[in-house]
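These protein sequence lines are chains W and S, in that order. If you count by my numbering, then the first sequence holds residues 15 to 1213, one letter each, in order. If you count by my numbering, then the second sequence holds residues 33 to 361, one letter each, in order. By construction, the Cβ of each residue, glycine as well, lies at the ideal position given by its N, Cα and C atoms. All figures in this text were calculated on a predicted structure; none of them were measured in a lab. In what follows, a single structure is set out as structure tokens and then discussed.
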Amino acid sequence: MKNLTKAAPEAIRPPSMVDGNEAVASIAYRLSEVIAIYPITPASPMGELSDAWAAEGRPNVWDAIPDVVEMQSEAGAAGAVHGALQAGALATSFTASQGLLLMLPNMYKIAGELTPFVLHVSARTIATHALSIFGDHSDVMAARGTGFALLASASVQEAQDLALVSHMATLESRIPFLHFFDGFRTSHEVNRLETVTDDELRGLINPQRIEQHRQRALTPDRPLIRGTAQNPDAFFQAREASNPFYDACPRIVQQAMDRLAALSGRSYHLFDYHGHPEAERAIVLMGSAAETARETVAHLTASGERVGLLQVRLLRPFSSSDFAAALPPSVRKLAVLDRTKEPGAPADPLLQDVLTALDATGRRTASGQPIELVGGRYGLASKEFNPACVKAVFDQLAAEQSRPRFTVGIVDDVSRLSLEVDRDYDIEPPGRVRALFYGLGSDGTVSANKNSIKIIGEQTGRHAQGYFVYDSKKAGAVTISHLRFGDEPIHSTYLIGRASFVACHQWDFLDRFDVAERAEQGATLLLNSPHTADQVWDHLPRELQASILEKQLKVHVVNADRVARECGLGGRINTVMQTCFFALADVMPVEDAIEQIKLAIEKSYGRRGPELVARNHRAVEQALASLAQVRPPAQVTSQRRRPPVVSHQAPDFVQKITAVLLAGKGDLLPVSAFPVDGSWPVGTSQWEKRNIAAEIPLWDEKVCIQCNQCALVCPHAAIRTKVYETETLGGAPASFQSTEYKAPELKGLAYTVQVAPEDCTGCALCVEICPAKDRSNPRHKAIDMEPQAPVREREREKYDFFLGLPELDRARVTRLDAKGSQLLQPLFEYSGACAGCGETPYVKLLTQLFGDRLLIANATGCSSIYGGNLPTTPFTTNDQGRGPAWANSLFEDNAEFGLGFRLAVDSLRREAESLLRRLEPELDWQAIVSADQSEESEVMAQRERIVVLRELLPRIDRPAARRLEVIADYLVRKSVWLVGGDGWAYDIGYGGLDHVLALRRDVNVLVLDTQVYSNTGGQQSKATPLGAAAKFAITGKETPQKDLGMEAMSYGHVFVAQVAFGADMNQAVRALREAEAHRGPSLVIAYSPCVAHGYDLRYGGEHQKLLVQSGLWPLYRFDPRRFDQGEPPLVLDSKRPRGRVEQLLRQEARFRMVERLDPKRFDGFVKQSQRIADQRRAIYEQLAGIAVPVADAEAEVPQ
Amino acid sequence: MNLTCSYLGLELPHPFVVGASPMVDDLDVVRRLEDAGAAAIVVRSLFEEQVHHDELAAAAAIDGPAHAFAEATTYLPEPMVRGADDYLELIAGLRRSVDIPLIASLNGVHGGRWLDYADDLMTAGADALELNLYHLPTDWRESGSAIEDRLLSMVSGLKARVSAKVAVKLSPAYTSLPHFARGLVDAGADALVLFNRFYQADIDPENLDVVRRLELSTSSELLLRLRWLAVISAQLKTPLAVTGGVHTGIDAIKAVMAGASVVQVVSVLLKRGPEFLATLRSELEGWLEEYGYASLEEMRGSMNLSRCPDPSAFERANYMEILRSWRGL
């Protein structure tokens, strides 16, 4: 237990409720001079906090403001800290997962040079068969060989304390430290933290060691040389020379722990044993699971079981003697649990360490027998590890024959490694409040809950814990908050299994989730309901009624939507629900709570302004008046059941696997349910009907001018256009709308615009872009937003019929402009992208233009998340079963990865051609091999030739024919696209992109340029424009964005285009088509509106127009083919700027923030931006007017 | 010539006050206005809509997408200052730059916390406040008296909150302007400003859009104001300011004769430059001298409803006479 009386007087201070990232950053920031970082989930907040503190001028403990710099990659960040350390600064960095892998080379160097340094890692899974942002130790384990000390924290408090121990010990030992704590479970858990003051920090760091670090610095005043190259005569011995430092390190770490304990009363050891002093069975593990294991051990010990936990803190250097000493002599059986997987290894790494340690120390049981040692794997990618899992491991150890290797927390019906887990096992103390909140990201539930934790933890002296589970979709994202409150410290590092309080903040969730599933007997259920307490019962689904009666839930309703609306808060119901929670949960007197909520509102929203504060205060005041208890009848009355998760028409895989994942029950799926190599079927998003739009667009065929712009801009392919034969209308629903299509080339056909009512996100981008107004009532357009619920059924029926209408023969779309493109089937639909996303319209367009022959290499980022995040994915197939083949490799390697696609496709095509030639005289191969295939019609002709070829091949009895059968389809030209965001193209992947463009291979690059790291939350990239506020550029970025297009043009052979669909759709379509037709590398830089810009994205089209008019985003196409005609290669597609920079900047919060902060600085940015826009324009105009010598074909380098 | 007048507790050397306009955004222009002898400057309005809109837009942009996705708890850095501080900074900047009185302006028709800014404005350096009751009734459900009650309670609410002198700027569209004016005075208004000018909505017939425009005023707009100055000044002792349509010294004389204490000018200065203030003043002074007035005060209200020779000219008969004169043409 913590003993505050031991602490220095100033240590008695109110605890702080923070998450693990903040706890760690607070130490690292205050003990560093240089911080070089690169954003990566879940470590990004540590860098962001550091940057924000530096921007506020907060000093470190030596009264200097740390220099925080964002690099182009983690490799860059590691290089920068390495340099800073060599040159004598105290440096730190934060990372995780792939980021840590990119740092490895420098880490070997830093350690080899015995350099004091701490790298804080929120441990996260390394991508293998799939990427996962969640926590395990696979990244840290990959760093075992670097020579870094590895120190593990298990909780928010430990993360702070051991961060400090790391900084102390690295200076003492000269061994660099990797301090780690579990991603999300610790990095994002909010818990009570006893903080450390600056004075205490100063007292714990030995200034002499800092001096010695300075003395070792590289300086021309005392020059020496490091980083030499050594030969066989020297390297080995020199490598061994550092051994004494590693030998000394464990003692130094313990001394640092002891000094912290003396100050704070919080005691840590290299290995900490918890449990029965004479335990026979023990578990060894590290990280956040130790908290759960410790809690479970305490529970089991109390009931007389002789069990224990040996918690590993210092993994490297591994002190075998300390390990053996910490283990009670009574232990006979030991289970070592690894949160990582080393396929093919004789044992996972921690188990190997323990095996070696036992062997090295000769440690046996009291009776001299070998300790029985088993190894288990658990918790990969934040898989739940709860007391039931711990119990299962102990049960396993109690068995006569323990399994030598097992997994726990999953059902493995393939290798049969998994342990049986009693899912009902629960040890949470009854007095503890365990609250679950189902909310929307956009309704403010999570931020209100974070406030509640702060209120309770900081004002009542009670303990509190919060953990938040997020959606895999960005639009309409659901959040589930797990909050615990109690009088004792809360070590439960697992999700709430039995809740004493459940709140459902959105009425429609009742049809989507079993919100009462985790409610315990007699729990309180709070519903945000449009129905009053008297009426609500009849509106509940049957399953929920049954649960309420069976569990005797105390049900309360509040019409939070109405209260929030009346208080002018729109859909932000958080303060209303928060007030009701305090009124019902009995954690503190409700009057006090209201006062504290109001203070919290002032703190949270004060910076936005007093009106928002006043409105929220009003909502708090009015909340309780609307709160009422429901008196349920004695039996279930509802006939309405919760609708099935997916339609019964869905394919088997979707029914059996996807639907389970969608229902939030994926944990129950056994190993055999999953693909073995990460390959998943496509076209699954169509089965996930989310109904997240309050309003959807409805079409009026009488007003429509058939421009198809609505369909083009739709980020979710949720409004579509189709042209079809009138006779196919038979059997149409009565309400189905159809009109004559007005294009002369498709005369006599019918036309429909149809919304997908359950897939639309309600962003209204289509309605804003729609140019067709009703002349007698211009407010009415060809599409208007209307409430979804009343028309859902009708529109669903219409949409189903619409989908069933045959697709137009692509050959009939002779004018393939913006309008024509929307008559082609999108093969990218209903993605999880944000409502109003500016990236997805381009991706969708790509699939419309080239989808049936498209390979996409997708860099990690937003597009890989909405493109490939389970449970459902958006890429799909046409009726011939063809569609985009998509893969994500990494963030940094996408250009190279995509180039690999091209190399393979070309290699297979060449082989097919060679086989064809070999099959002469049976086959006439000339037509196939010489087919041009630059245009769609030629590709279709080639497909027909291949059909004929495939018919002929079986009749030829030659091995070459058999081989050709396998690869004949490669004779049809494939379209290879390298897709990614600006973070990839401008920063982390730039080197590779540049190299791939420098080759003359036929790859196409689509940069979805949001001008900021979108997926990780708005950090600046080199695409961020001058003057925009972004993370790591809080006061506005001081340099203009890199002109990536100009750099690519400098090669001369690269097709380059800059587009913005909202400004000129036809130009965007033309650019993509020309890029694809160009038989060399192409680069299309596509402006993409993003939530990180700070405006309502329904106006994304208008913003793009203004952007292009301002000159900040010129539209152009640079086509090397024009050199051949003696024409200037560049065609400028946008007009001269019309001086609208200021108007544009004022409309986006990212720029307005700077104006708020410093109007003069903003004015300066406006003037400078205008000048840069004008200058760039002038350069482009010259490029567009240059005279070039006509190319001499003879002199061309053959391709 | 004694041109002094008192207005909102300020002793002004002459009646020409620069009305609310964007001129205050340029400190050079402000200094030129001071050099040209401006008696005071009304700082352009802080619009209620602007304050609320900025706050709510920032909240929507920053808080809307936040805390919804595991990889990004937020998408924008947290701004360090709140909504309307740029306006406070504007007042403070003007205060540092010029010595003439500054009248800060608040613009709104709904109560609410935005009125809290009144305190901040005074702290930032304003000498008095002008509350612009910019209101266009469009909802049939709200009666004239309900609207008036709401506006009156805003005034009394503001007066209860600040000790500063407050002028209330009105539109002419009230069923009984004198009655409402009296109500405002009872609610605590220290002066009335006649009248605000609405942005005009125009129609773009080609694109079926409504476009907003603000035309500069002309002298012809003064006539409406003269009438109401004459009517109100005859019944209320509260100082009145005229704004809208004063373009010459003679215009100012007419306004003072109708009862104005203060003459706000904007359009003419935008057209002719800040220095024209000096011309207006000398025109006024010259006219007074030419016609033998001892002070400006002497003519104030001389042509109002209770003192002018033919009050019916300001009343309905005015209309009939014009009709008659037309018939005679």
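CB contact check: residue i to chain S, cutoff 8 angstroms
{"i": "N892 (chain W)", "result": "no"}
{"i": "L1120 (chain W)", "result": "no"}
{"i": "A1044 (chain W)", "result": "yes"}
{"i": "A708 (chain W)", "result": "no"}
{"i": "S466 (chain W)", "result": "no"}
{"i": "G445 (chain W)", "result": "no"}
{"i": "A873 (chain W)", "result": "no"}
{"i": "T1024 (chain W)", "result": "no"}
{"i": "S461 (chain W)", "result": "yes"}
{"i": "N1080 (chain W)", "result": "no"}
Proximity test, Cβ basis, 8 angstroms: residue i and chain W
{"i": "D236 (chain S)", "result": "no"}
{"i": "H99 (chain S)", "result": "yes"}
{"i": "R114 (chain S)", "result": "Its pLDDT being 49, under 50, R114 (chain S) is placed unreliably in this model, and the coordinates cannot settle the point."}
{"i": "G189 (chain S)", "result": "no"}
{"i": "T170 (chain S)", "result": "no"}
{"i": "T106 (chain S)", "result": "yes"}
{"i": "A211 (chain S)", "result": "Before going on, a small fix: residue 211 (chain S) reads as His here, not Ala. Not closer than 8 angstroms to any Cβ of chain W, the Cβ of H211 (chain S) fails to qualify, so no."}
{"i": "G96 (chain S)", "result": "yes"}
{"i": "A93 (chain S)", "result": "yes"}
{"i": "P45 (chain S)", "result": "no"}
Three-way DSSP call (helix, strand, coil) for residue i in this model
{"i": "G897 (chain W)", "result": "coil"}
{"i": "G358 (chain W)", "result": "coil"}
{"i": "R114 (chain S)", "result": "Since pLDDT at R114 (chain S) reaches only 49, below the 50 mark, its modelled position is unreliable, and no value is offered."}
{"i": "Y325 (chain S)", "result": "coil"}
{"i": "H134 (chain W)", "result": "strand"}
{"i": "R972 (chain W)", "result": "coil"}
{"i": "Q940 (chain W)", "result": "helix"}
{"i": "G9 (chain W)", "result": "Absent from the model: residue 9 (chain W). The displayed extent of chain W is 15 to 1213, so no value can be given."}
{"i": "M15 (chain W)", "result": "With a pLDDT of 35 at M15 (chain W), under the threshold of 50, the modelled position of that residue is not reliable, and the figure given next carries that caveat. M15 (chain W): coil per DSSP, three-state reduction."}
{"i": "S293 (chain S)", "result": "coil"}
{"i": "M33 (chain S)", "result": "coil"}
{"i": "G1123 (chain W)", "result": "It should be noted that the sequence gives Gln, not Gly, for residue 1123 (chain W). Q1123 (chain W): helix per DSSP, three-state reduction."}
{"i": "Q1081 (chain W)", "result": "helix"}
Under 7 angstroms from the C-beta of residue i: neighbouring residues of chain A
{"i": "Y1113 (chain W)", "result": "No chain A is present in this structure, whose protein chains are W and S."}
Whole-angstrom C-beta distance between residue j and residue i, which should lie under 8 angstroms
{"i": "I733 (chain W)", "j": "C724 (chain W)", "result": "5 angstroms"}
{"i": "T280 (chain S)", "j": "S251 (chain S)", "result": "7 angstroms"}
{"i": "R1215 (chain W)", "j": "A1037 (chain W)", "result": "Any property of residue 1215 (chain W) remains undetermined from this structure, which presents chain W solely from 15 to 1213."}
{"i": "V727 (chain W)", "j": "G1199 (chain W)", "result": "Incorrect: roughly 33 angstroms between the Cβ atoms, too far for contact."}
{"i": "V516 (chain W)", "j": "V550 (chain W)", "result": "With 8 angstroms as the limit, V516 (chain W) and V550 (chain W) do not qualify as a contact, their Cβ atoms being about 15 angstroms apart."}
- Message: For the segment 1146-1180 of chain W, list every residue whose C-beta sits within 8 angstroms of some C-beta in chain S, in sequence order.
- Response: Near chain S, meaning a CB-to-CB distance below 8 angstroms, the residues of the segment 1146-1180 of chain W are A1163, R1164, R1166, M1167, E1169, R1170, L1171, P1173.
- Message: To be precise: take each residue of the segment 609-633 of chain W, compare its Cβ to all Cβ atoms of chain S, and keep it if any distance is under 8 angstroms. Which residues remain?
- Response: Across the segment 609-633 of chain W, CB contacts with chain S closer than 8 angstroms involve Y619, G620, R621, R622, G623, P624, E625, L626, V627, A628, in sequence order along the chain.
- Query: Whole alpha helix (DSSP H) runs in the segment 144-217 of chain W with 4 or more residues, listed along the chain?
  - Reply: If we require 4 residues or more, the alpha helix (DSSP H) runs fully inside the segment 144-217 of chain W come out as 152-155, 170-187.
- Task: Return the chain-ordered ranges of every alpha helix (DSSP H) run that is complete within the segment 235-297 of chain W and spans a minimum of 4 residues.
- Result: Segments of the alpha helix (DSSP H) lying fully in the segment 235-297 of chain W: 249-254, 257-278.
- Could you list the residues in the segment 835-869 of chain W with a C-beta less than 8 angstroms from some C-beta on chain S, going in chain order? Listed by position, the residues of the segment 835-869 of chain W near chain S (Cβ gap below 8 angstroms) are C848.
- Query: Considering only residues of the segment 94-125 of chain W, which uninterrupted beta strand (DSSP E) runs meet the minimum length of 3 residues and lie entirely inside it, listed in chain order?
  - Reply: Counting only runs of 3 or more, we get 105-109.
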